[in-house]
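J.:
In the working numbering, the protein residues as written are 351 to 1037.
Below, the structure is given as structure tokens:
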């Protein structure tokens, strides 16, 4: 029996995050009152009154999921059995004879560690693709942290890269378009002698320029998986906190979005705190604005409080240099953030669009799939304790092809449709005790309902107009009794099976006095490690109004009884804590990046089989340096990309006293970077 990994005890913050991370990334959200103080029914209250759903689930042959081998039911194991979901109860456990692992996961797992480097499996190598500050636009100078300017930064790769997308580039063999989010800035790690109480205008304007998005063409080396930036390519682009964005969709032009600088309510300067995102089937990228609340000072309204705006000054003091960041002077400016942004990376002259039909909250990600008749469905999580997850179903069909007419039409797909929020019901409420112990039926599972919030200009929420639903989506979820979840972050549909996976990072407030207790979808009180939920839409129809669900993983150390790996033997998996971003590889395996590992190791990237006899087999592929978070994973046939975000972000660290020397070694400033990993022999990943 392995000894349980030690818990981090150097910080009182949730998970394994430092106080520095909490200050700069989310404005100390975990130290503020939980924004959701609504009295809508807790999931535990709902399921306690529900009849057992077991017979309903077994009857739900309608709840099918298309798989490579045909159809499968998202059903349950027989009572008392712990068979892997999707595997018949009582069938043989995964055999030990196939030591190589599931296809795509045939590598030696990286051991948990605290090394100040990127650690990859034996036989693999890694390289930095691009660092913070590298010039990507014509005229941008080489990076010099001692002489940085806002103008220089606006032409250079931004800070704290998060979501990544790689798109094909026709007509230029071996080249792809890399799109990256830049979530936030660590001023204390960027500027020598930084005074948090008295930032200079130049420092603030550099930070504005370091936020946003980057588009940069990369050249791949055919013999390996190496990628090299093509500097000054015509498609390269920077979008910052002062770039022009357009509000589109049903709430565009609403009085709730109008300001003194923009009386139309349709033209916004900037995008902020872009976390994860998505790539559309029509060739655009989606970018979720997450912890935007921390940039706005002097919030006072009830809606400000529900969205986490503070009543005093902000950490970065931007309100001193632009009145739009002072909610006391511009109460509607914050309403123009917290959206999903759509970018056309193939048109460097296009104006990115904030899609109001997808609702306003702390968007972690937005990943579409198509219905059978070609309508996009976008799944989205609201990364907050006790908040909700959502989907949007478009009323328009995607047009195939790359004609101008098709592209113009497809750029309207996310402006018309219906926005829904999820409500979950569990099968075994009597067995949920807050410890994470499996119910007697062998798994945490149940059914769910998509509750409509608004369609176009029509509100489905009593007492709220459609504009109010879109701008104050959290309040709409409160009113209809959506299920309060443990920080729903990335939501990703499997391109192979159609099953949808929701990363629930953690929630150390669950079960505290006055807070919701455990329920079947969130089965642990004081939840430090998080879980991954799997759902199947009724009839495998993404536009369905109902679904079946179960917990695929309950994270933590495998030796902890309160963990679960889809029924796979726990002595054969890697420890994992705080799942965040998720992605799929070409073999249908789910890859999970972590944020805030509470097990004493650095954050990392993990692959887990989602089907077959090895379903639940989870293996760690890499770890990131001291203080860093693993973001934006892309898993291709011959390469894995990750965004190494906020390296060196440790309490007490500064430019003068760095906690990390990554990526360039001692004496050089620590720099968030994009990393590519590939096999030394050039063969495909994990096979």
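Idealized CB from N, CA, C, for every residue including glycine.
Helix, strand or coil for residue 950 per DSSP?
T.: coil
J.: So which of 773, 796, 771 has the shortest CA-CA distance to residue 782?
T.: Residue 796 is the option with its Cα nearest to residue 782.
J.: With a Cβ-Cβ cutoff of 7 angstroms, do residue 512 and residue 981 count as a contact?
T.: yes
J.: Would residue 639 and residue 689 be called neighbours here (beta carbons separated by less than 7 angstroms)?
T.: yes
J.: Does residue 722 pass the burial test, meaning 16 or more other C-beta atoms within 10 Å, or should it be called exposed?
T.: exposed
J.: Determine the direct distance from the alpha carbon of residue 879 to that of residue 430, and round the result to whole angstroms.
T.: Because residue 430 sits at a pLDDT of 30, beneath the cut-off of 50, its placement in the model cannot be relied upon, and the point is left open.
J.: Can you tell me whether residue 881 is helix, strand or coil according to DSSP?
T.: Residue 881: strand per DSSP, three-state reduction.
J.: Give the range of the beta strand (DSSP E) segment to which residue 849 is assigned.
T.: Where residue 849 is concerned, there is no enclosing beta strand (DSSP E), given that its DSSP letter is neither H nor E.
J.: Can you find the residues in the same chain that come closer than 6 angstroms, C-beta to C-beta, to residue 633, ignoring five residues on each side of it along the sequence?
T.: none
J.: Once the 5 residues before and after residue 815 are set aside, which same chain residues still bring their CB inside 7 angstroms of it?
T.: 809
J.: Taking the straight line between their C-alpha atoms, what separation do you get for residue 652 and residue 627?
T.: Straight-line Cα distance between these residues: approximately 28 angstroms.
J.: For the pair the stretch 968-977 and the stretch 947-956, tell me if three or more CB-CB distances fall below 8 angstroms.
T.: yes
J.: If we ignore side chains and look at the alpha-carbon of each, how far apart do residue 678 and residue 825 end up?
T.: Their backbone Cα atoms lie some 21 angstroms apart in a straight line.
J.: Do the stretch 567-580 and the stretch 536-546 make contact, defined as three or more Cβ pairs closer than 8 angstroms?
T.: no
J.: Could you give the DSSP three-state label for residue 474: helix, strand or coil?
T.: strand
J.: Leaving aside the five residues before and after residue 745 along the sequence, list all residues of the same chain whose C-beta is less than 6 angstroms from its C-beta, in chain order.
T.: 766, 767
J.: Could you have a look at residue 511 and say whether DSSP puts it in helix, strand or coil?
T.: strand
J.: Compare the Cα-Cα distances from residue 737 to each of 764, 759, 837 and report the closest residue.
T.: 837
J.: Distance check for residue 1028 and residue 807, CA to CA, integer angstroms please.
T.: 49 angstroms
J.: By the three-class DSSP mapping on this structure, what secondary structure does residue 625 have?
T.: Residue state, collapsed to three classes: strand.
J.: Using 10 angstroms around the beta-carbon of residue 510, count the other beta-carbons present and answer buried if the total reaches 16, otherwise exposed.
T.: buried
J.: Looking at the structure shown, is residue 637 part of a helix, part of a strand, or coil, going by DSSP?
T.: strand
J.: Give every residue of the same chain whose Cβ lies closer than 7 angstroms to the Cβ of residue 902, excluding the five residues on either side of it in the sequence, and list them in chain order.
T.: 851, 882, 883, 884, 916
J.: Which residues share a DSSP beta bridge with residue 518?
T.: 526
J.: Could you check what DSSP says for residue 702 in three-state terms: helix, strand or coil?
T.: coil
J.: CB residue 908 to CB residue 923, shorter than 7 angstroms?
T.: yes
J.: Taking only the alpha-carbon atoms, compute the straight-line gap between residue 875 and residue 989 and give it to the nearest angstrom.
T.: 38 angstroms
J.: Would you mind listing the alpha helix (DSSP H) stretches within the stretch 523-602 that are 4+ residues and don't spill past its ends, in chain order?
T.: 537-540, 551-560
J.: Please determine, among 556, 752, 514, the residue with the shortest C-alpha to C-alpha distance to residue 986.
T.: 514
J.: Would you mind giving the Cβ-Cβ distance between residue 872 and residue 856, rounded to the nearest angstrom? I have them listed as a contact below 8 angstroms.
T.: Going by Cβ atoms, the distance from residue 872 to residue 856 rounds to 10 angstroms, so no, they are not a contact pair.
J.: Kindly list the residues whose CB is nearer than 7 angstroms to the CB of residue 489, restricted to its own chain and excluding five residues on each side of it in sequence; keep chain order.
T.: Excluding positions up to five away in sequence, the list reads 505.
J.: Should residue 623 be labelled buried (16 or more other beta-carbon atoms within 10 Å of its own) or exposed?
T.: buried
J.: Roughly how many angstroms separate the alpha carbons of residue 897 and residue 913, rounded to a whole number?
T.: It is roughly 24 angstroms from the alpha-carbon of residue 897 to the alpha-carbon of residue 913.
J.: Does the Cβ-Cβ distance between residue 1013 and residue 1023 come in under 7 angstroms?
T.: For residue 1013 and residue 1023, yes; Cβs fall inside 7 angstroms.
J.: Would you call the stretch 556-567 and the stretch 517-529 touching, i.e. three or more CB-CB distances under 8 angstroms?
T.: yes
J.: Kindly indicate which residue of 724, 675, 742 has the alpha-carbon position closest to the one of residue 715.
T.: Between residue 715 and the set 724, 675, 742, the nearest pair of CA atoms involves 742.
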